[in-house]
Amino acid sequence: MSSLDDLAARQHGIVSRAQALEHGLTDDALKWLVESGRWNRVHTAVYATVTGPLTFEAQVWAAILRAGRGAVASHRTAAYLDGICDDPGPTVHVTAPADRHVRSKVQVVRVHYAHRLPVTRHPTRLPPRTRVEETVLDLVDSAPHPREAEGWVTSAGQRRTTTPERLADALGRRKKIRGRPMLEAMLTDVASGAQSPLELRHLRRVERAHGLPVGTRQRRVAGGRAIWIDVDYEPYSVRVELDGRVGHAGDGRFRDRRRDNRATVQGHATLRYGHADVFGDPCGVALEQAAVLRTRGWTGTRRPCGPTCVASSFP
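Quick note on numbering: the sequence shown equals residues 1 to 315 in the UniProt record's numbering.
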């Protein structure tokens, strides 16, 4: 059984009935291993060769083997495996070839189907999974809200698991996907430096919608210690910092304060906004931001984003 043991080790202790039979076991031997407690049945014709709670990778392997030939981890499960998100969620997602159907009543496993699976699966990573770009596009396609779609695109870029260019290339090979025009525009904005849904919202609904000057996003400022500015309006010495939860708590809060204080000493004005501001009152943010830019020399034409926009009261 050494070859079967090696296979089980590669699959985090999980083997299928077909694999066990291919390596010399019989159905009677399988039955004895389960009844004696040496192996445990995880799904129909899928067994754990180890006792105790299964690791996440073992659960993924079990779902893949249950789905059968050609199946791979996908969607949020693949995103977790590749570091795009920190929470795999309660369901293991796998995708199987579209020419087959998996009969499964396991609530913790969801099986998707795809015609292009041979080209969208990653060639080497284990457990088998979709390529990073395909994973992101699958999640965007199934996202219930555009904001969630933005979150997957920006998270993949922020964590450096892929690039807007590679995502755009994968998008070009897909015939069908929900919200293609929105996604194409989103990838363009992410390529310009927006790294989160908060930054995308500021770019579109504050700056661009109200005719404000174009800021430089994620600008690196060298010095004794390099700092990053979310949006820098360098000609007017105005900086905008967009505070999501990540990086702006604990030690991050003190780094922000030191950065803002240093900027003030150097003559820069720093405006700081969070989700409630940019998502809840983008027109108010634009009004305030335009007022500061105006005091620092901006003479451009600003405009309201609609008939009810508070920016209509701009001087």
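Backbone N, C-alpha and C fix where the C-beta goes; we use that ideal spot for every residue, glycine too.
Quick caveat, the model's predicted, so the values are computed rather than measured.
In the DSSP assignment, the beta strand (DSSP E) including residue i goes from what residue to what residue?
i    : result
H75  : No beta strand (DSSP E) contains H75, which is instead part of the alpha helix (DSSP H) from 75–81.
I227 : 227–233
R66  : Per DSSP, R66 belongs to no beta strand (DSSP E); it is in the alpha helix (DSSP H), 56–67.
T216 : 216–221
L203 : It is not in any beta strand (DSSP E) - L203 carries neither H nor E in the DSSP assignment.
D86  : Neither: D86 is in no beta strand (DSSP E) and is coded neither H nor E.
Let's see if you can read the secondary structure: which residues bound the alpha helix (DSSP H) around residue i?
i    : result
P97  : Run containing P97: none in the alpha helix (DSSP H); it sits in the beta strand (DSSP E), 92–97.
A135 : In the sequence as presented, Ala is not what sits at residue 135; that position holds Thr. Where T135 is concerned, the enclosing alpha helix (DSSP H) stretches over 132–142.
A114 : From DSSP, A114 is part of no alpha helix (DSSP H) but of the beta strand (DSSP E) over 109–114.
A286 : 282–295
A194 : Here A194 belongs to no alpha helix (DSSP H), and DSSP marks it neither H nor E.
Q158 : 146–158
A209 : Taken as a continuous stretch (DSSP letters only), A209 belongs to no alpha helix (DSSP H), as it is neither H nor E.
T120 : 117–120
A29  : 27–35
A9   : 2–10
With a CB to CB cut of under 7 Å and the five nearest residues on each side skipped, what residues in its chain are close to residue i?
i    : result
V92  : Q59, V60, A63, T77, V108, V109
P19  : One point to set straight first is that residue 19 is Gln, not Pro, in the sequence displayed. For Q19, where only same-chain residues beyond five positions count, the Cβ hits under 7 Å are L7.
F254 : With a pLDDT of 41 at F254, under the threshold of 50, the modelled position of that residue is not reliable, and no figure is offered here.
Q195 : T154, G157, Q158, Q218
H12  : T55, E57, A58, W61
I229 : R219, V221, R239
Where does residue i land, buried or exposed, given buried means 16+ other C-beta within 10 angstroms?
i           : result
M182        : exposed
residue 336 : As displayed, the chain neither begins before 1 nor continues past 315, which places residue 336 out of reach and without an answer.
T44         : exposed
L21         : exposed
R178        : exposed
W32         : exposed
R38         : exposed
V46         : buried
E234        : exposed
T120        : buried
S3          : exposed
H101        : exposed
S74         : buried
Closest Cβ-Cβ distance between residue i and chain C: below 9 Å?
i    : result
L198 : The chain labelled as chain C is not found in the depicted structure, where only one protein chain is given.
For the putative contact between residue i and residue j, defined by C-beta atoms under 8 Å, what is the C-beta separation to the nearest angstrom?
i    : j    : result
H275 : L198 : 6 Å
N50  : R41  : Before going on, a small fix: residue 50 reads as Val here, not Asn. 13 Å between Cβ atoms; not a contact.
P164 : L200 : P164 to L200, Cβ: 12 Å. No contact.
I14  : A48  : 6 Å
T161 : G215 : About 26 Å; that fails the 8 Å criterion.
R129 : H122 : 6 Å
Quick one: what's got a C-beta closer than 6 Å to residue i's C-beta in the same chain, skipping five residues either side?
i    : result
C85  : A79
A143 : A149
P97  : G70, L117
Going along the chain, which residues of its own chain have a beta-carbon closer than 8 Å to the beta-carbon of residue i, five neighbours each way excluded?
i    : result
G250 : Residue placement at G250 cannot be trusted, given a pLDDT of 45 that sits under 50; the coordinates are not used to answer.
V278 : L198, R201, H202, R205, V206, L242, V285
- [ ] Inspect the CB distances between the segment 186–195 and the segment 119–137 and report whether three or more fall short of 8 Å.
- [x] no
TODO: Kindly confirm or deny that the segment 236–244 and the segment 296–312 touch, where touching means at least three C-beta pairs closer than 8 Å.
DONE: yes
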